[in-house]
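Each position in the sequence shown, counted from 1, maps to that position plus 78 in this note's numbering.
Using N, Cα and C, we set each Cβ at its ideal position, and we do this for glycine too.
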Amino acid sequence: MGIYLNPNAEAFKEDKNTDIYVDKSLVLIELNKLLGSREKFVCMSRARRFGKSMAGNMISAYYSKGCDTKEIFSKMKIGGVPGYEENLNKFNVIKLDLNGWYQRSLIEENRTDVIKYIQEEVLEEFREAFPSIVFKQGTSIATNIQKVYGKTGEKFIIIIDEYDVLVRERVAENVFESYLQFLNSLFKDTTLRPAIALAYITGILPIVRDKVQSKLNEFREYTMLRPRQFADAVGFTHEEVEDLCNEHGIDVNECARWYDGYKMSETVNIYNPLSVVTAIQDKIFGSYWSATSTFEVLKDYIVLDFEGIRKDITDMISGNSVPVEVLEFRNTMDNINTKDNVFTYLLHLGYLTYNANDKTCRIPNEEVRQEWVSAIKYDANYSKLMSIINTSKKLLDDTINGNEEAVANALDAAHAEVTNNLTYNDEHCFQSAICLAYFYANTRYTLVKELPTGKGYADLALIPFLPNIPAMVIELKHNKSSETALQQIKDKRYDDALKHYRGDLLFVGINYDEKTKKHECKIEKLVL
79 MGIYLNPNAE AFKEDKNTDI YVDKSLVLIE LNKLLGSREK FVCMSRARRF
129 GKSMAGNMIS AYYSKGCDTK EIFSKMKIGG VPGYEENLNK FNVIKLDLNG
179 WYQRSLIEEN RTDVIKYIQE EVLEEFREAF PSIVFKQGTS IATNIQKVYG
229 KTGEKFIIII DEYDVLVRER VAENVFESYL QFLNSLFKDT TLRPAIALAY
279 ITGILPIVRD KVQSKLNEFR EYTMLRPRQF ADAVGFTHEE VEDLCNEHGI
329 DVNECARWYD GYKMSETVNI YNPLSVVTAI QDKIFGSYWS ATSTFEVLKD
379 YIVLDFEGIR KDITDMISGN SVPVEVLEFR NTMDNINTKD NVFTYLLHLG
429 YLTYNANDKT CRIPNEEVRQ EWVSAIKYDA NYSKLMSIIN TSKKLLDDTI
479 NGNEEAVANA LDAAHAEVTN NLTYNDEHCF QSAICLAYFY ANTRYTLVKE
529 LPTGKGYADL ALIPFLPNIP AMVIELKHNK SSETALQQIK DKRYDDALKH
579 YRGDLLFVGI NYDEKTKKHE CKIEKLVL
């Protein structure tokens, strides 16, 4: 039993002993299918705080010969799967947290070669684990694996967490070249391949399409954009969050509004697990997202308006999706010189979510949307947008108080900001303008576009999740009249969808004139 070679299960036990723990052990069934196959090289890339390290701890505890975890896993979901014990604690595991190694190398003995540092430390553990085998000083991990396999026939599982840290940190060229040699020795040597039962590496970025790709081209990638069978392996699913919310007395719909939205497949949406856990523990829904240094770097690109990026960001903050081409991104922080590269990078960082069906991206949830607003808050290029956001509380108050003229004036500004001359009369753009204008309403309402009700669809419904405030049904018209919009709400009984709501209703009819670009508003209250 060592720290890096055949580690114990203490990290996994600490994870399991937390107050809120979600059993993700069925991922081991999928990994067991890959053992010893051509698909045994797995690269799992996910955004920060999605539980990659916890998954690595579990995988290590399951396979490592350095511990006995039968009692633990027998009580988990995998314990109900026939034959789960076949690979339990049967392999030599090498588990490396590359970020931890890198950080220590910066402060310990002024080391500059993190890979040499790793090789030296792991060599000592090889000598302790296999005392009958002679390991020469200065030999690599790859050489030592090969020697053990040749002498004993025992296979290894390699787990590397944060494999891409040296890419993201932009280390010195000599350090990076040493890393490439390390990857090459482990994963490109065909004589070593039989000795590796499984390689599982994780990172934020997929494999960099340059020098690193040539060293890792054996790996199959499971990303935020294409997770394949591992869609639910990292992060919380809706079913898991629903169980947690019911157990702890938390509103599941509000939890979804704040932390859901990462579309991994047709059937799987993933929540940010750390935010969900924190919200449950604090009993407060809010933003627990910590802005990362990579996002700070990208802010320089976000505030520029090349290729219409500012318009797209405004659309996404308003609740819309925008087109994105994800195939051109090289999976590196260098040469981010197009809008598509910026958005694809942010997809991998978790600041956007991707819909593969229509090749669009959007902001996944309320928590992340608040981070976007924080990112543009003090930039002059977004001053008009921020003015609309900052005055959205007054607009909500004016609507509730029936101040029709003030509502119309606020919509003049929002409609002009979200659209241009070509899209001003587009119905969906107008709808986005309304959502942007009512930005503050997200703190009190769930905003639903195209709500099916009565004899049609209400353009926008605001359903309260706080007490003592009215629900709203908003109908939009152009080149007609606000009275016509208001009458349609009544004629088509758009309020039927809110018939179970125990409070006042507001009917809001809005019309805009294409020529004058002016809005008018009529508001009626239905007291229940």
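- Annotation: the segment 375-425 contains the following complete segments of the alpha helix (DSSP H) (minimum length 4 residues), in chain order: 387-395.
- Looking at the backbone, the Cα of residue 538 and that of residue 604 are separated by about 17 Å.
- Taking 8 Å as the cut-off, the beta carbon of residue 336 is found no closer than this to the beta carbon of residue 433.
- As for any beta strand (DSSP E) of minimum length 3 sitting wholly inside the segment 242-292, the runs are 274-281, ordered along the chain.
- In the DSSP assignment, no residue is bridged to residue 442.
- Here DSSP, grouped into helix, strand and coil, assigns residue 342 to coil.
- DSSP, reduced to helix, strand and coil, places residue 557 outside both helices and strands of the structure shown, so it counts as coil.
- DSSP, reduced to helix, strand and coil, places residue 508 within a helical segment of the structure shown.
- Distance from the CA atom of residue 454 to the CA atom of residue 378, rounded to whole angstroms, is 10 Å.
- Taking C-beta separations shorter than 7 Å and ignoring five residues to either side along the sequence, the partners of residue 135 in its chain run 89, 90 and 93, following chain order.
- Cβ-Cβ separation between residue 475 and residue 485: approximately 10 Å, too far for a contact (criterion under 8 Å).
- Under the DSSP assignment, residue 316 falls in the alpha helix (DSSP H) whose first and last residues are 316-326.
- Inclusion of residue 241 and residue 273 in the CB contact set at 8 Å is not warranted, their separation being larger than that value.
- With 16 or more other Cβ atoms from the protein chains shown falling within 10 Å of its own Cβ, residue 576 counts as buried.
- Within the model, the alpha-carbon separation for residue 495 versus residue 511 is close to 8 Å.
- In the structure shown, residue 82 falls within a coil segment according to DSSP collapsed to helix, strand and coil.
- Here residue 86 has 79, 144 and 145 as same chain residues with Cβ atoms under 7 Å from its own Cβ, once five neighbours each way along the sequence are excluded.
- Closest by C-alpha distance to residue 130, out of 313, 263, 150 and 119, is 313.
- Every alpha helix (DSSP H) of 4 residues or more that sits fully in the segment 189-238 is shown, in chain order, as 192-207 and 219-230.
- Sorting 344, 342, 343 and 334 by C-alpha distance to the C-alpha of residue 353 places 334 at the top.
- In the structure shown, residue 599 falls within a strand segment according to DSSP collapsed to helix, strand and coil.
- Judged by DSSP in its simplified three-state form, residue 171 adopts strand.
- Per DSSP, residue 114 lies in no beta strand (DSSP E) segment and is marked neither H nor E.
- When 465, 358 and 347 are compared, the shortest CA-CA separation from residue 329 is found for 358.
- For residue 297, the secondary structure class from DSSP, reduced to helix, strand or coil, is coil.
- If you draw a straight line from the Cα of residue 590 to the Cα of residue 534, it comes to about 21 Å.
- Judged by DSSP in its simplified three-state form, residue 496 adopts helix.
- DSSP, read as helix, strand or coil, puts residue 483 in helix.
- Distances from the alpha-carbon of residue 176 to those of 165, 168 and 194 put 194 closest.
- In this structure, the beta-carbon distance from residue 504 to residue 497 falls below 8 Å.
- Around the C-beta of residue 423, 16 or more other C-beta atoms lie within 10 Å, and the residue is accordingly described as buried.
- Note on geometry: alpha-carbon atoms of residue 579 and residue 128 lie some 36 Å from one another.
- In the DSSP assignment, residue 150 falls within the alpha helix (DSSP H) that extends over 148-152.
- For residue 141, the uninterrupted alpha helix (DSSP H) run begins and ends at 130-141, by DSSP.
- The three-state reading of DSSP puts residue 523 in strand, counting E and B together.
- The alpha-carbon separation between residue 284 and residue 276 amounts to approximately 18 Å.
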